[in-house]
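Using the working numbering, read the sequence shown as starting at 3 and increasing by one per residue. Cβ atoms here follow ideal geometry from the backbone N, Cα and C, with glycine treated the same way. Remember, it's a predicted structure, so these values are computed and weren't measured experimentally. These notes are about the structure you will find just below.
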Amino acid sequence: MITRRDYLKQASLAAGCLAVSGVRAFAAEQEQQISGKGSLKEHGHKRGIMAGCAVGARQLHDEAFQRLIAEQYNLVVSENSMKFGPLSPKPGEYNWTDADALVDFAEKHKMKVRGHNFVWHAQLPMWFKGTATKDNAKKIMVDHINTVAGRYKGKIQAWDVVNEAIEVKDGMPDGLRKSPWYELIGPEYLDIAYRTARHADPKAKLTYNDYSIEDDSEDNAKKRAATLALLKRFKSNGTPIDALGIQSHIHAGTGETYGKGMRELISRAQALGLEVYLTEFDVNDDGVADDDFAARDRAVAAVYTDYLNIALESKAVKAVLTWGVSDKDTWLNGMREHREKRANRRQRPLPFDNDLKPTAPFFAIRDAFDKAPHR
Ligand code: 9MR
């Protein structure tokens with residue numbers, strides 16, 4: 003005879019098994035759905051949007067990672083290996099190992115490559131400070147662009163020729179950043195860089211790339227105005243420029259809002275004849291008060307959705323790249339500010355988790371592609 007107590011026990015065990023197998027079936031279904039026609043690149047492709055990611059040199063040695071990015075993306079960018087510092091250990095010397103590995107991988111898997119970047123105030127070579135002077139800085143810059151653009155000529159979809167040249171707070175004319183390039187060459191370093199790049203690799207789309215130019219705050223509005231003025235100046239000077247890169251390093255839980263500012267930025271870039279790429283998307287959730295992972299993931303995914311729905315309304319936006327692939331490698335966990343104040347709260351900003359399984363941002367990106375008008 004079976005007692006009521008036994009019955010309840012058996013029933014709950016059976017329900018538990020059912021629930022577990024249900025979860026497994028759901029997970030398997032989801033996994034199936036994310037490859038092939040369910041991949042980010044297929045959903046993007048249907049709308050004319052490239053789906054991309056930044057790749058670290060170390061990650062590219064991992065086979066599971068390789069399979070995943072070949073399956074999900076049709077555009078890659080090197081997180082660090084194509085920057086001046088990582089490329090050039092000594093004046094005039096280059097170490098191409100990591101940059102070549104990414105370009106070869108992309109070629110093999112028919113993916114496009116963004117080049118990031120030629121001219122930036124950060125990640126300069128160790129030797130730069132003691133070597134570059136007002137007399138030789140222009141030659142150093144031009145030689146560097148010619149060398150790198152020349153090596154990958156015809157293989158790069160778009161080059162970030164100059165990265166982050168605007169910093170209104172620096173108080174320089176036209177809101178230009180007081181970067182070593184500005185100080186050594188003067189404001190014309192920008193035009194020289196773009197002309198050199200066009201000449202060295204005429205097929206690559208030449209991009210200007212920057213951050214904090216798209217939200218509705220006053221600071222972003224100032225930086226946006228300076229950026230648009232720079233792009234307009236390029237156009238009227240005949241300086242070659244094809245695209246604006248909006249880095250899209252954004253935040254959840256800080257109250258930043260997107261709408262009017264982003265629409266204005268994109269439509270004005272479009273009116274100048276430029277394409278727009280979201281080049282380095284991720285969401286920093288240090289500002290979310292809740293420590294619970296599920297609540298934080300929801301907040302991050304909601305920001306992805308809102309931001310992408312607004313940006314992708316415009317047909318000028320042709321590519322979306324996240325800054326990384328898996329949460330385990332995100333630069334956000336390595337930032338000093340995060341390590342000092344939030345070491346126990348690892349960030350989860352990317353479309354794949356530590357085990358390379360899709361996260362809420364993965365589905366948010368895919369849904370936003372589906373919602374976007376065809377371009
Ligand atoms: O993700 C990159 C990190 O590994 C480097 O240490 C850092 C050095 O400044 O650069 C990071 O990438 C940056 C990109 O090149 C330009 N936009 C901001 C990115 C995040 O800081």
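Range covered by the beta strand (DSSP E) that runs through Tyr210: Lys207 to Asp212
Residue interval of the beta strand (DSSP E) (run including Leu323): Val319 to Thr324
Lys207 and Gln249 closer than 8 Å at C-beta: no
Among Lys110, Pro363, Tyr309 and Arg341, nearest to Val327 - alpha-carbon criterion: Pro363
Integer Cβ distance of Ile51 from Ala304, believed to fall under 8 Å: Contact doesn't hold; Cβ gap of about 21 Å is too wide.
DSSP-derived helix/strand/coil call for Asp162: strand
Host beta strand (DSSP E) of Thr281 (start-end): Glu277 to Asn286
Proximity winner among Gln35, Glu81, Ser37 and His45, relative to Ala370 (alpha-carbon distances): His45
Buried or exposed (CB count within 10 angstroms, at least 16 for buried), Arg350: buried
Where Gly54 falls: helix, strand or coil (DSSP): strand
Completely contained alpha helix (DSSP H) runs for the segment 188 to 252, where each covers 4 or more residues: 191 to 202 and 220 to 239
Local conformation of His376 per DSSP, three classes: coil
Closest residue to His63 among Gly87, Arg49, Tyr75 and Ala101 (Cα-Cα distance): Ala101
Per-residue burial, Ala345 [other beta carbons within 10 Å of its own, 16 or more giving buried]: exposed
Rounded C-alpha distance that separates Val105 from Phe67: 16 Å
In DSSP terms, what Lys114 is bridged to: Leu77
Residue closest to Trp183, alpha-carbon to alpha-carbon, out of His146, Ile215 and Lys155: His146
Simplified DSSP state of Leu126, which is helix, strand or coil: coil
Inter-residue CB distance, Glu65 and Ser37 (contact presumed, cutoff 8 Å): Not confirmed; about 16 Å, so no contact.
Inter-residue Cα distance where the pair is Tyr191 and Phe295: 46 Å
Cβ-based burial, Thr99 [other Cβ within 10 Å; buried from 16]: exposed
Coil, strand or helix - Ser328 by DSSP: strand
Per-residue DSSP class, three states only, for Leu274: coil
Candidates Tyr154, Leu186 and Ser83, of which the one nearest Thr133 by Cα: Leu186
Three-state secondary structure assigned by DSSP to Asn346: coil
Three-state secondary structure (DSSP) of Asn97: coil
Proximity below 8 Å, CB of Gly54 to CB of Tyr75: yes
Residue span of the alpha helix (DSSP H) that contains Val302, given as start and end: Phe295 to Ala313
Touching by the beta-carbon criterion (3+ pairs, under 8 Å), the segment 282 to 295 and the segment 238 to 255: yes
Of the residues Trp325, Trp333, Gly336 and Leu280, the one placed nearest Leu310, counting alpha carbons only: Leu280
Residue range of the unbroken alpha helix (DSSP H) whose run includes Leu89: Phe86 to Leu89
Meets three-Cβ-pair contact criterion under 8 Å: the segment 137 to 145 and the segment 229 to 241: no
Proximity test, Ala124 beta-carbon vs the ligand 9MR heavy atom, cut-off 7 Å: yes
Endpoints, the alpha helix (DSSP H) within which Lys43 is located: Leu42 to His47
Inter-residue Cα distance where the pair is Thr198 and Arg60: 31 Å
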